[in-house]
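Visitor: Please find one structure pasted underneath; my questions will follow.
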Amino acid sequence: MSSIKRLLPLDGIKVIEIAGLAPAPFAGMVLADFGANVIRVDKSTNMHNNMDKLTRHKRSISINLKSPIGISILKRLIYLDTDILIEPFRPGVMERLGLGPNELCKLNEKLIYVRLTGFGQKGRFSNMAGHDINYLAVSGVLSLLGRKDDPDFAGGGMMCVLGILFALIERSKSGKGQIIDVAMVDGVKYLATFLHLMKLMKQLMTEPRGENLLDGGAHFYEVYETKDNKYMAVGAIEPQFYAELLKRLGLNANYLPSQLDNSKWNEMKQLFKEKFMTKTQDEWNQVFFGSDACVTPVYELSGKVPEPAPKLYETPSRLAHINESLDPGKHSEEILKESGYSESEIKEFLMRGIVGGLNFKKSLL
1 MSSIKRLLPL DGIKVIEIAG LAPAPFAGMV LADFGANVIR VDKSTNMHNN MDKLTRHKRS
61 ISINLKSPIG ISILKRLIYL DTDILIEPFR PGVMERLGLG PNELCKLNEK LIYVRLTGFG
121 QKGRFSNMAG HDINYLAVSG VLSLLGRKDD PDFAGGGMMC VLGILFALIE RSKSGKGQII
181 DVAMVDGVKY LATFLHLMKL MKQLMTEPRG ENLLDGGAHF YEVYETKDNK YMAVGAIEPQ
241 FYAELLKRLG LNANYLPSQL DNSKWNEMKQ LFKEKFMTKT QDEWNQVFFG SDACVTPVYE
301 LSGKVPEPAP KLYETPSRLA HINESLDPGK HSEEILKESG YSESEIKEFL MRGIVGGLNF
361 KKSLL
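Residues in the sequence shown are numbered from 1 upward in steps of one, following UniProt numbering.
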């Protein structure tokens with residue numbers, strides 16, 4: 001590794017993130033972890049925001065976007081040197097505020113304007129609220145996942161970061177920004193490409209839901225409870241791994257049905273349940289550790305914050321473990337000064353309720 005200190009991958013990239021729910025803040029956090037200067041635009045409020053844990057390495061300015069002056073402040077921030085704007089609102093909200101892509105991209109032709117919504121800018125569901133399970137359902141992926149009679153879960157957000165990075169690369173060639181429409185429904189579909197192909201090719205997903213190899217139907221791709229009420233995950237799909245699994249469980253393959261005989265899967269699942277209940281999780285760890293049986297313990301999330309991923313050896317990310325909270329408007333004064341506003345202008349904005357922030361008030365009043 002070179003002894004010369006290198007910049008973080010996104011050093012020099014300025015991001016304006018309009019405060020919203022998890023997907024947009026997560027995208028902003030990833031960009032900040034890898035060096036971007038991320039400024040979160042919060043509502044003009046004096047409330048603490050200690051519950052939001054996706055704020056590390058960001059700064060906050062609190063602006064009243066219902067005020068014409070507040071809108072002009074945000075436009076100034078974007079006009080000066082902003083590379084990326086991330087907005088999480090439903091279709092039409094930014095346009096009604098006078099902050100739509102047509103206007104802002106004329107103001108700053110290098111701006112990458114990111115629209116992160118659940119269902120996209122157009123279509124039947126575009127103006128509806130939703131959460132992960134809804135995006136899975138509308139994308140068609142929900143029908144491929146989950147057990148026969150159990151509810152489902154989902155996730156979404158990283159596609160926003162991916163789109164931004166692609167746009168930054170393209171901008172380095174063309175010199176111009178572009179609009180990115182990130183619908184979580186589309187991201188879910190894309191991430192589930194493998195499952196869709198398997199369904200179309202009539203592989204893996206041929207039986208009713210909950211009766212296939214990857215949706216809880218197979219006894220060798222399942223989670224089993226242990227003697228101490230903990231769990232072990234089994235994923236022994238390949239024949240050689242399945243043989244190792246049976247060996248470690250103390251089962252003789254000669255007296256058991258074929259691995260892929262799905263008519264016997266429920267029977268085998270019951271046998272596995274009984275087996276795993278004979279030892280604690282630690283004991284099973286000792287049995288399977290170092291083997292190719294594809295059996296691992298199911299650990300609970302620790303108190304440690306996950307480190308940013310992927311790991312870049314030459315230009316690693318910032319540390320994840322910081323405890324500093326980001327209250328709305330914490331850096332309002334600092335950001336406004338960087339944008340060229342005088343102290344008297346800033347004080348007037350505060351007095352009129354156009355900008356806010358607890359630390360901001362203490363410094364000016």
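C-beta atoms are modelled at their ideal positions from N, C-alpha and C, and glycine is treated no differently.
1. Which residues in the same chain as Ala32 place their Cβ atom closer than 6 Å to its Cβ, once the five residues preceding and following it in sequence are excluded?
2. Quick check on DSSP: helix, strand or coil for Gly12?
3. Since I believe Gly216 is in contact with Glu222 (beta carbons under 8 Å), could you give me their beta-carbon distance rounded to a whole number of angstroms?
4. Does the separation of the CB atoms of Val185 and Tyr135 fall below 9 Å?
5. Between which two residues does the alpha helix (DSSP H) carrying Gly163 extend?
6. Could you spell out where the alpha helix (DSSP H) holding Lys116 opens and where it closes?
7. According to DSSP, what are the bridge partners of Met232?
8. What distance in whole Å lies between the Cβ atoms of Gly177 and Leu111, which are believed to be in contact at a cut-off of 8 Å?
9. Starting from Asn37, follow its DSSP beta bridges and name the residues at the other end.
10. Quick check on DSSP: helix, strand or coil for Asp42?
11. Would you kindly check if the distance between the Cβ of Ala183 and the Cβ of Gly92 is under 9 Å?
12. For a test of the three-state rule: what should DSSP assign to Asn212, helix, strand or coil?
13. On the three-state DSSP scale, how would you describe Lys58?
14. Have a look at Pro88, Val287 and Gln281 and flag the residue whose alpha-carbon is nearest the alpha-carbon of Gly28.
15. What does Ile179 pair with, by DSSP beta-bridge criteria?
16. Buried or exposed, going by whether 16 or more other CB atoms sit within 10 Å of the CB of Ser258?
17. Buried or exposed: where does Arg115 fall if 16 or more other Cβ atoms within 10 Å of its Cβ makes it buried?
18. On the DSSP bridge assignment, give the partners of Gly340 in chain order.
19. Count the other C-beta atoms from every protein chain shown that fall within 10 angstroms of the C-beta of Phe153, then say buried if there are 16 or more, exposed otherwise.
20. Pull up the distance between the alpha-carbon of Ile164 and that of Cys105, whole angstroms please.
21. Could you check where the beta strand (DSSP E) with Glu238 kicks off and where it finishes?
22. Can you tell which of Gly340, Ser339 and Glu333 has its C-alpha closest to the C-alpha of Leu350?
23. In the structure shown, what three-state DSSP assignment does Leu85 receive?
24. Whose C-alpha, out of Ile86, Leu99, Cys160 and Val287, is nearest the C-alpha of Ile71?
25. Considering only residues of the same chain and omitting the five flanking positions on each side of Val287, which have a CB-CB separation below 6 Å?
26. Between which two residues does the alpha helix (DSSP H) holding Lys273 run?
27. According to DSSP, simplified to helix, strand and coil, what is Ile63?
28. Measure the CB-CB distance between Val234 and Cys294 and report whether it falls below 9 Å.
29. Would Glu244 and Ser291 qualify as a contact pair, given that the criterion is a beta-carbon distance under 9 Å?
30. Using the rule of at least 16 other Cβ atoms within 10 Å of the residue's Cβ for burial, across every protein chain shown, is Ile18 buried or exposed?
31. Here's the rule I'm using: 16 or more other beta-carbon atoms within 10 Å means buried, otherwise exposed. How should Ser174 be labelled?
32. On the three-state DSSP scale, how would you describe Gly356?
33. For Ala36, tell me which candidate among Glu348, Arg76, Pro9 and Phe272 has the shortest Cα-Cα distance.
34. Could you compute how far the alpha carbon of Ser172 sits from the alpha carbon of Arg40?
35. Could you tell me the alpha carbon to alpha carbon distance between Ala129 and Met232, rounded to whole angstroms?
36. Which residue marks the beginning of the alpha helix (DSSP H) containing Leu251, and which one marks its end?
Guide: Well, looking at it:
1. For Ala32, same chain residues with a beta-carbon under 6 Å away, outside a window of 5 residues either side, are Val38, His57 and Lys58 in chain order.
2. Reduced to three states, the DSSP call for Gly12 is coil.
3. About 6 Å; that satisfies the 8 Å criterion.
4. Using a Cβ distance threshold of 9 Å, Val185 and Tyr135 count as a contacting pair.
5. Unbroken alpha helix (DSSP H) run through Gly163: Met158 to Ser174.
6. This sequence places Leu at residue 116; Lys is not what is there. Run containing Leu116: none in the alpha helix (DSSP H); it sits in the beta strand (DSSP E), Ile112 to Thr117.
7. According to DSSP, residue pairing for Met232 in a beta bridge involves Tyr224 and Pro297.
8. Leu111 to Gly177, Cβ: 4 Å. Contact.
9. Answer by DSSP bridge pairing, in chain order: Lys14.
10. Residue state, collapsed to three classes: strand.
11. Cβ atoms of Gly92 and Ala183: not closer than 9 Å.
12. In the three-state reduction of the DSSP assignment, Asn212 falls in the coil class.
13. DSSP places Lys58 in strand when its eight states are reduced to three.
14. The shortest Cα separation from Gly28 among Pro88, Val287 and Gln281 belongs to Pro88.
15. Note: Ile179 sits in a beta bridge opposite Tyr113.
16. The residue in question, Ser258, is exposed, as its Cβ has fewer than 16 Cβ neighbours within 10 Å.
17. Buried is the call here.
18. Gly340 has no beta-bridge partner at all, per DSSP.
19. Here Phe153 scores only 32 on pLDDT, less than 50, and its place in the model is too uncertain to base an answer on.
20. So the alpha carbons of these two residues sit roughly 15 Å apart.
21. Neither: Glu238 is in no beta strand (DSSP E) and is coded neither H nor E.
22. The option with the nearest alpha carbon to Leu350 is Glu333.
23. Three-state DSSP puts Leu85 in a strand.
24. Taking the Cα of Ile71 as reference, the smallest distance to any Cα among Ile86, Leu99, Cys160 and Val287 is reached at Leu99.
25. Closer than 6 Å at Cβ, skipping near neighbours: Arg248.
26. For Lys273, the enclosing alpha helix (DSSP H) begins and ends at Trp265 to Phe276.
27. Correct three-state label for Ile63: strand.
28. It is a contact, given that the beta carbons lie within the stated cut-off.
29. Cβ atoms of Glu244 and Ser291: closer than 9 Å.
30. Under this definition Ile18 is a buried residue.
31. Ser174 comes out exposed.
32. Residue state, collapsed to three classes: strand.
33. Put simply, of Glu348, Arg76, Pro9 and Phe272 the residue whose alpha carbon is nearest the alpha carbon of Ala36 is Pro9.
34. One C-alpha to the other measures close to 25 Å.
35. When rounded, the separation of the alpha-carbon atoms in Ala129 and Met232 is 36 Å.
36. For Leu251, no alpha helix (DSSP H) encloses it, and the DSSP letter there is neither H nor E.
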